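*Asks:* Chains as they are written, first to last, in the numbering used here: chain H, 1 to 150; chain Y, 1 to 355; chain V, 1 to 288.
All residues carry an ideal CB built from backbone N, CA and C; glycine is no exception.
For clarity, every value in this text was computed on a predicted model and none was experimentally measured.
This structure is in C-alpha cells; I'll ask about it shortly.
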Amino acid sequence: MRRITWLVPTLYIIFLMMPIYWLINMSFKTTNEILGSFTLWPKEFTLDNYITIFTDPTWYNGYFNSLTYVVMNTVISVTVALPAAYAFSRYRFLGEKHLFFWLLTNRMAPPAVFALPFFQLYSAVNLFDTPLAVALAHTLFNVPLAVWIL
Amino acid sequence: MARISLRNIRHSYVEEPSGEEDWALKSMSVDWADGTACALLGPSGCGKTTLLNIISGLLMPTEGEVLFDDRDVTSIPPDARNIAQVFQFPVVYDTMSVYDNLAFPLRNRGVDKKTIDRRVREIANMLDLEAMLFTRAAGLTADGKQKISLGRGLVRADVNAILFDEPLTVIDPHLKWMLRSKLKELHQQFGATMIYVTHDQTEALTFAEQVIVMHEGAVVQIGTPIELFERPHHTFVGHFIGSPGMNLLPCELDGEHAEFAGHSIRTEHPVRLKTTPDTLQIGVRPEFVKFAESGIEVDVTKVTDIGRHAIVETRSGDNIIRLLLPEGQSAPAGRAHLQFDPKHTQVYADGWIVE
Amino acid sequence: MARKTTNQKAWFLVIPVVLLVAFNAIIPLMTVVNYSFQETFGDNVFFWEGVKWYEQVLRSSRFHDSLLRQIIFTSIILVIEIPLGVAIALAMPKKGIWVSVCLVLMALPLLIPWNVVGAMWNIYALPELGLLGRIINGMGFDYNFTQGPLAAWFTTIMMDVWHWTSLVVLLAYAALSSIPDAYYQAAKIDGATPWAVFRYIQLPKMKRVLTIAILLRFMDSFMIYTEPFVLTGGGPGNTTTFLSIDLVKIALGQFDLGPAAAMSLIYFLIVLLTSWIFYTLMMNNEEK
Chain H
1 MRRITWLVPT
11 LYIIFLMMPI
21 YWLINMSFKT
31 TNEILGSFTL
41 WPKEFTLDNY
51 ITIFTDPTWY
61 NGYFNSLTYV
71 VMNTVISVTV
81 ALPAAYAFSR
91 YRFLGEKHLF
101 FWLLTNRMAP
111 PAVFALPFFQ
121 LYSAVNLFDT
131 PLAVALAHTL
141 FNVPLAVWIL
Chain Y
1 MARISLRNIR
11 HSYVEEPSGE
21 EDWALKSMSV
31 DWADGTACAL
41 LGPSGCGKTT
51 LLNIISGLLM
61 PTEGEVLFDD
71 RDVTSIPPDA
81 RNIAQVFQFP
91 VVYDTMSVYD
101 NLAFPLRNRG
111 VDKKTIDRRV
121 REIANMLDLE
131 AMLFTRAAGL
141 TADGKQKISL
151 GRGLVRADVN
161 AILFDEPLTV
171 IDPHLKWMLR
181 SKLKELHQQF
191 GATMIYVTHD
201 QTEALTFAEQ
211 VIVMHEGAVV
221 QIGTPIELFE
231 RPHHTFVGHF
241 IGSPGMNLLP
251 CELDGEHAEF
261 AGHSIRTEHP
271 VRLKTTPDTL
281 QIGVRPEFVK
291 FAESGIEVDV
301 TKVTDIGRHA
311 IVETRSGDNI
321 IRLLLPEGQS
331 APAGRAHLQF
341 DPKHTQVYAD
351 GWIVE
Chain V
1 MARKTTNQKA
11 WFLVIPVVLL
21 VAFNAIIPLM
31 TVVNYSFQET
41 FGDNVFFWEG
51 VKWYEQVLRS
61 SRFHDSLLRQ
71 IIFTSIILVI
81 EIPLGVAIAL
91 AMPKKGIWVS
101 VCLVLMALPL
111 LIPWNVVGAM
121 WNIYALPELG
131 LLGRIINGMG
141 FDYNFTQGPL
151 AAWFTTIMMD
161 VWHWTSLVVL
171 LAYAALSSIP
181 DAYYQAAKID
191 GATPWAVFRY
201 IQLPKMKRVL
211 TIAILLRFMD
221 SFMIYTEPFV
231 LTGGGPGNTT
241 TFLSIDLVKI
251 ALGQFDLGPA
261 AAMSLIYFLI
271 VLLTSWIFYT
281 LMMNNEEK
C-alpha cells in the first residue's frame, strides 16, 4: 500500500518532466543531429542555439519585449487588484457578489473576441504596438484572477 | 468490555531515540480493571494523549505490549480493537445530519437499522440533541459539535473502553458540569471502562475512581482521589493537585526526625534514608496546617477569602507557608505560630516520598 | 475566517479595478456588439443589418461543428483532469522534504507560457523527431498528429492534461492539508472505510477549491487558442478547430467582421451562462 501511494506522484512527475527534458535535450543539439538521427541526449553538445538567441537582435528583442510586458502586467495587475482583493475579503458592500462575478466574466471572454476591438481601441489612443498595449490588454484576463486568488 | 493492561510501554516520536529526553513516554506498566472510570491527569505535554492513543491503537508504541483481556492487541488497528475515542476538538462529518453522524460508527459495523435508530435516539436524548437530529451538523455551535463527537463515542453499546481526550475543553462551564455528571451517570449505569484525559484536577477528581498522575512522560502516582490528596507520592502530585497545592519546605535531618527552621517536625513515619538525597523537603497540605500557641514562628502576610475558607499566606524566613482557615475563624495579625498535623506530614527525598 | 463588516466605502478600493476593466472590457465589448448588427465594406461605412449575422452564425454547420468539438474537448479534459488531480493530491506525501520537491516540480508546467507549451509538445510529439512520437510508434500504433485526427486529438488532450492537471493537484492538496489529524483519527475509531473517509471528510473539504478548479478549467479550456493553434493549427482538416480558432479564422483570416462579432457574442454568452449557473449553484449550496 505504502509503495503504491508514492508511485502515483512519481509517475506523474515523470510525465511532467519528459517534454521539458526533450525540449532541453533538443536545445543542445546541432541541427544535423536533430534532423539526422534520434538520440536521447546530445551526441555533439553545442551551445550554438543559445549563442544565436543572445546575439541576434531579432531574437533578443523579442525576449526584451516579453520581459517589459511581464513586468508591466504584474505591476498593473497587482496595484489594481490588491485593494480590490482586500475590499472583497474584508467588507460586505452593496452589489459585492454581482461585482465579483462581473469581474470574473471578463476572464470568461474568449481572448479572440477582443482581438479586433483592442486593435481599434489602442490605435485610437495611440497605444498600438507598444508593450503597454499588450500589458493592458492582458490585464483584462489577469486582474479578475488576481482579485480572486489574492 | 475488557481489562486493559500495558506491559513495559515506551514511546518515542524520534526515529532513533538516544537520550532520556527523546522518550515522550517513559517505560511504564499499568492495569485497568474492567469497568473502571479512570482519569489521566497531568499538565499539557506530559504524554497523556500519547498514552491514550497507544491504548486506542492510533499510535504504535516503540516498545512494549497492549493487552485487552490478556489478548495482545499491540499491532491491531483502532477499528478492530472495538474502542471509542472522543477528541479534544469537535470532529463532525459536515455534510451529514446530526442523526447520520451519530449513526455513522454503527453503520460502519453493519448494525441493523432498528438497533441503530434506538441507540441514536437514546444518545440524542441523553445529550439534548433530539431537537436538531435532522439538521446538518455543519451549522452547529462548538458546544453542539462536541456533543455530537461525544455522542459518536457513546453510541456503541459493546465497546471495550471509551477514551476521552480532554473532551470538555471547548464547552462552556455550565454545560461542562452537566455533561460531566452525565458521563458519570452513564458509567454507573453501564459500567463501561472509561479513561479520561485531562489537565484539570477538579474534572479528574470528580469523574474518576482511579487517577493516574503523569509528569514528563512518566507515571508518578496511581490512586484514588483521596490517596492523591492525603498521601502524594511525589512532590509534583502534591503541588499539582489541591488548591492551593502542598507546602514544600526544605528541611534537615536530625536522626530520624525532620527539622525545619529550628523546629523538629513530627511526621507520619520516622525518616529512614538509605542514601543521602540532593534535596529533602517536608510536605504538608494547607488543610493540615493550623495556628497554635507554639510551633514554627511566622509572619502573616496575606489573607484571601475564597468563600467557605480563607487562604492565609504566612512567611517563615524565605519560605511561604499557606494554610486554610475554616469559616468563622480569623487569622491573627502579625506574628503567629503554626503546627502541622503529623498524620498528614510527609518527607520527600529528591521529590519522592520517604516511607 | 474573519467576520466581514458592512462598509459601503469599500467601493473606493474596488474602483481602480472597475475602471481598468471597464476601459478594457466595456469599450471593446460595445464595439463588438456594434459590429454584430452591421455590415461594412470598409472606410467606416456601416449598414444596419439587425440580427442577420446571428441567424447566419446559429444556422451555419461550421459553427455547430466547432461548438460540438469544443464541448467534447472541454468535457474530456474536465473528466480527466479533475479526478486525476484529486487522485494525485490524495497520494501525495503529507509532510517531509518530498512535499516541497513534488509541489515545485508539479507547478512547473503552470509557469510555462501557452505558446511555449504548444511548441514544446510539437517537438515532443513529432512522429520521427519527438520522444513521445517515437514511443507511441514504437508500440505499434500508427501515430502522426499532423495527419491523423485521432492522434491530433490525443496529443491536444495530453498537452492540456500536462499543462493544467497540476492546478487541480495544488488546489486539492492545499484543501487536504487543512484537514486536522483528529478527523482521520476519529474516522479510524469510527471504523470508516477509505471510501467513507474520502466521501465524508476529504471531498467536503475540497468542494470549494474544486468548484474554483472546475470553473477555471471550464473557462480556460473553452477559450483555448494558443496551444492547439501552435500544435496543430486546427488541423488536420478542421478536426481540432475549436471555437476560438474558428473565430480568429473568420475575423482575421476572412475579415468577416459582422459574423465574427456575432459569433463572439454567442460564444461569450455560452461561457457566461454556463459559468453563472455553475457558480450560483455551488454558492447557494454552500450557504445552506
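Assign Y:G19 to one of two classes, buried (16 or more other C-beta atoms within 10 Å of its C-beta) or exposed (fewer than that).
*Replies:* For the purposes of this step, residue 19 of chain Y is taken as residue 19 along the second sequence, with counting starting at 1. Exposed is the call here.
*Asks:* As an exercise, report each continuous beta strand (DSSP E) stretch of at least 3 residues that is fully enclosed by the region 142–168 of chain Y, in chain order.
*Replies:* 161–165
*Asks:* For chain V, check one thing: does any of its Cβ atoms lie closer than 9 Å to the Cβ of Y:I4?
*Replies:* Within the second sequence, residue 4 of chain Y is the residue found at index 4, counting from 1. Answer no: the Cβ-Cβ gap between Y:I4 and chain V never drops below 9 Å.
*Asks:* What is the rounded straight-line gap between the Cα of V:T274 and the Cα of V:I157?
*Replies:* Walking along the third sequence from the start, residue 274 of chain V turns up at place 274. Walking along the third sequence from the start, residue 157 of chain V turns up at place 157. Approximately 22 Å, taken between the alpha carbons.
*Asks:* Report the residues of the region 86–98 of chain Y with a CB closer than 8 Å to any CB of chain V, ordered along the chain.
*Replies:* F87, Q88, F89, V91, Y93, D94, T95 and M96
*Asks:* With a cut-off of 8 Å, do at least 3 Cβ pairs link the region 248–257 of chain Y to the region 63–78 of chain Y?
*Replies:* no
*Asks:* Could you check the C-alpha separation between Y:F288 and Y:W352 for me, to the nearest Å?
*Replies:* Working through the second sequence from its first residue, we reach residue 288 of chain Y at position 288. Working through the second sequence from its first residue, we reach residue 352 of chain Y at position 352. Using only the alpha carbons, I get a separation of about 20 Å.
*Asks:* With contact counted as at least three CB pairs below 8 Å, one residue from each stretch, are the region 88–96 of chain Y and the region 182–196 of chain V in contact?
*Replies:* yes
*Asks:* How long is the line joining the alpha carbons of V:A261 and V:S244, rounded to whole angstroms?
*Replies:* Numbered from 1 along the third sequence, position 261 holds the residue referred to as residue 261 of chain V. Numbered from 1 along the third sequence, position 244 holds the residue referred to as residue 244 of chain V. Their Cα atoms are separated by approximately 12 Å.
*Asks:* With a threshold of 6 Å on Cβ separation, who are the neighbours of Y:Y196 within its own chain once the five nearest residues in sequence on each side are excluded?
*Replies:* Counted from its first residue, the second sequence places residue 196 of chain Y at position 196. Closer than 6 Å at the Cβ level, and outside the excluded window around Y:Y196, lie A39, F164 and F207.
*Asks:* Find out if the Cβ-Cβ distance for the pair Y:L59, Y:M28 is shorter than 9 Å.
*Replies:* Within the second sequence, the letter at position 59 stands for residue 59 of chain Y. Within the second sequence, the letter at position 28 stands for residue 28 of chain Y. No, these two residues do not count as a Cβ contact at 9 Å.
*Asks:* Identify the continuous alpha helix (DSSP H) that holds Y:V111 and give its terminal residues.
*Replies:* Walking along the second sequence from the start, residue 111 of chain Y turns up at place 111. No alpha helix (DSSP H) contains Y:V111, which DSSP labels as neither H nor E.
*Asks:* Provide the residue(s) that pair with Y:G223 in DSSP beta bridges, ordered along the chain.
*Replies:* Here residue 223 of chain Y refers to the residue found at position 223 when the second sequence is read from its first residue. DSSP lists Y:V211 as partners of Y:G223.
*Asks:* Does the beta-carbon distance from Y:A137 to Y:V98 come in below 9 Å?
*Replies:* Residue mapping note: residue 137 of chain Y aligns to position 137 of the second sequence, counting from 1. Residue mapping note: residue 98 of chain Y aligns to position 98 of the second sequence, counting from 1. Closer than 9 Å, so yes.
*Asks:* Could you spell out where the alpha helix (DSSP H) holding V:V33 opens and where it closes?
*Replies:* Numbered from its first residue, the third sequence carries residue 33 of chain V at position 33. Start and end: I27 to S36.
*Asks:* Under three-state DSSP, which class holds Y:A336?
*Replies:* Position 336 of the second sequence, counted from the start, is the residue given in the question as residue 336 of chain Y. Here Y:A336 sits in strand by DSSP.
*Asks:* Spell out whether any CB of chain C is found under 9 Å from the CB atom of V:P228.
*Replies:* Protein chains in the displayed structure are H, Y and V, and chain C is not among them.
*Asks:* Which value, in whole angstroms, describes the spacing of the CA atoms of Y:T275 and Y:Q346?
*Replies:* The count along the second sequence starts at 1 and reaches residue 275 of chain Y at position 275. The count along the second sequence starts at 1 and reaches residue 346 of chain Y at position 346. Those two C-alpha atoms are separated by around 18 Å.
*Asks:* How close, in whole Å, do the beta carbons of Y:V354 and Y:V300 come, if the pair is a contact with beta carbons under 8 Å?
*Replies:* Indexing the second sequence from 1 puts residue 354 of chain Y at position 354. Indexing the second sequence from 1 puts residue 300 of chain Y at position 300. Actually they do not touch by this definition, with Cβ atoms about 30 Å apart.
*Asks:* Relative to the C-alpha of Y:V86, which candidate in Y:I282, Y:Q146 and Y:K343 has its C-alpha closest?
*Replies:* The count along the second sequence starts at 1 and reaches residue 86 of chain Y at position 86. Among Y:I282, Y:Q146 and Y:K343, the Cα nearest to that of Y:V86 is on Y:Q146.
*Asks:* Ends of the beta strand (DSSP E) at H:W41?
*Replies:* In the first sequence, counting from the first residue as 1, residue 41 of chain H sits at position 41. Neither: H:W41 is in no beta strand (DSSP E) and is coded neither H nor E.
*Asks:* If you measure from the beta carbon of V:A152 to each beta carbon in chain H, is any gap under 9 Å?
*Replies:* Counting from 1 along the third sequence, the entry for residue 152 of chain V is found at position 152. No, its Cβ sits nowhere closer than 9 Å to a Cβ of chain H.
*Asks:* Going straight from the alpha carbon of Y:V213 to that of H:F15, what length do you get?
*Replies:* As a first step, residue 213 of chain Y must be located in the second sequence, where it is residue number 213. As a first step, residue 15 of chain H must be located in the first sequence, where it is residue number 15. Near 55 Å, if we compare the C-alpha coordinates of H:F15 and Y:V213.
*Asks:* Spatial neighbours of Y:C46 within its chain, please: C-beta separation below 7 Å, excluding the five flanking residues on both sides.
*Replies:* Along the second sequence, read from residue 1 onward, the residue named residue 46 of chain Y stands at position 46. Correct list, in chain order: M214, H215, E216 and G217.
*Asks:* Where DSSP assigns a beta bridge to Y:T314, which residues make up the other side?
*Replies:* Taking the second sequence and counting its residues from 1, one reaches residue 314 of chain Y at position 314. Y:V300 and Y:I321.
*Asks:* Less than 9 Å separating the beta-carbons of V:P291 and H:T79?
*Replies:* In this structure chain V extends from 1 to 288, so residue 291 of chain V is not present and cannot be described.
*Asks:* Can you tell which of V:T226, V:S36, V:L20 and V:W53 has the C-alpha that lies nearest to the C-alpha of V:A119?
*Replies:* In the third sequence, the residue the question calls residue 119 of chain V occupies position 119. That would be V:T226, whose Cα lies nearest to the Cα of V:A119.
*Asks:* Does the beta carbon of Y:R119 sit closer than 9 Å to a beta carbon anywhere in chain V?
*Replies:* The residue labelled residue 119 of chain Y in the question sits at position 119 within the second sequence. No, no contact with chain V.
*Asks:* Within 9 Å of any Cβ in chain Y, is that where the Cβ of V:A89 sits?
*Replies:* Taking the first residue of the third sequence as position 1, residue 89 of chain V is located at position 89. With 9 Å as the cut-off, V:A89 does not count as an interface residue toward chain Y.
*Asks:* Do V:T74 and V:F218 count as a contact pair if the criterion is CB distance below 9 Å?
*Replies:* On the third sequence, residue 218 of chain V is found 218 positions in, with the first residue counted as 1. On the third sequence, residue 74 of chain V is found 74 positions in, with the first residue counted as 1. Yes, Cβ-Cβ distance for V:F218 and V:T74 is below 9 Å.
*Asks:* Does the region 149–163 of chain V come into contact with the region 208–215 of chain V, if we say contact requires no fewer than three beta-carbon pairs (one atom in each stretch) closer than 8 Å?
*Replies:* Output reads no: the region 208–215 of chain V does not touch the region 149–163 of chain V.
*Asks:* Mapping the DSSP letters down to three states, classify H:D56 as helix, strand or coil.
*Replies:* Walking along the first sequence from the start, residue 56 of chain H turns up at place 56. In this structure, H:D56 counts as coil in the three-state DSSP scheme.
*Asks:* Closest to Y:I171 by CA distance: which of Y:K184, Y:T141 and Y:H187 is it?
*Replies:* Indexing the second sequence from 1 puts residue 171 of chain Y at position 171. The shortest C-alpha separation from Y:I171 is found at Y:T141.
*Asks:* For the beta strand (DSSP E) holding Y:E63, just list the boundary residues, first then last.
*Replies:* Position 63 of the second sequence, counted from the start, is the residue given in the question as residue 63 of chain Y. That run of the beta strand (DSSP E) goes E63 to F68.
*Asks:* Going straight from the alpha carbon of H:Y69 to that of V:F198, what length do you get?
*Replies:* Along the first sequence, read from residue 1 onward, the residue named residue 69 of chain H stands at position 69. Along the third sequence, read from residue 1 onward, the residue named residue 198 of chain V stands at position 198. If I take the Cα positions, the gap works out to 44 Å.
*Asks:* When the Cα of Y:I296 is compared with those of Y:R81, Y:L228 and Y:Q339, which residue comes out closest?
*Replies:* Taking the first residue of the second sequence as 1, we reach residue 296 of chain Y at position 296. Ranking the options by Cα distance to Y:I296, first place goes to Y:Q339.
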